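K.L.:
For reference, the structure I am asking about is given below.
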Amino acid sequence: MLVGQVDTPESFLKAIGRGCEKYTEKFKDWDHLFKADTIKLKHELGIGAKQRKWILMWTNKYRLGIDPYLIQTSKKHTMKRTERLARAKRRRQD
């Protein structure tokens with residue numbers, strides 16, 4: 032089951048990123064991580080929706096033999112709502 036340099040659940044969660052590293056203490060071992068489903072992650076472990084989906088996607092990829100790696104979020108869509116509104120307002124004034 033173990034592939035590449037990821038040898039613990041902690042290193043796995045750190046490798047996939049996106050805030051999942053803060054849940055390292057919630058997983059006891061590999062079995063606990065790989066047997067967890069959405070309901071367990073949500074109700075028993077208290078993990079939010081975005082991280083739940085991300086963890087489940089990467090555990091599935093890891094089962095298929097794909098080493099975890101960090102995928103950065105797009106900078107294009109991270110602009111704050113206030114900045115978008117300010118730009119739209121300036122465009123209307125022109």
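First residue of the sequence shown? That's 32 in this note's numbering, and the numbers climb one at a time after it. Yeah, the Cβ is synthetic: ideal placement off N, Cα and C, and Gly gets one too. This structure is a prediction, so every number in the text was calculated from the model and none was measured.
(1) Run the CB neighbour count on residue 83, radius 10 Å, all protein chains shown included, and call it buried at 16 or more, exposed below.
(2) Are residue 101 and residue 67 close, meaning C-beta to C-beta below 8 Å?
(3) From 36, 62, 79, 69, pick the residue whose C-alpha is nearest to that of residue 54; which is it?
(4) What is the C-beta distance between residue 39 and residue 65, in whole angstroms, given that I count them as a contact (C-beta under 8 Å)?
(5) Quick check on residue 87: does DSSP put it in helix, strand or coil?
P.N.:
Here's the rundown:
(1) Burial call: buried.
(2) Residue 101 places its beta carbon 8 Å or farther from that of residue 67.
(3) Residue 79 is the option with its Cα nearest to residue 54.
(4) Not quite, the Cβ-Cβ distance comes to about 13 Å (not below 8 Å), so this is no contact.
(5) In the structure shown, residue 87 sits in a helix (DSSP, three-state: H, G or I).
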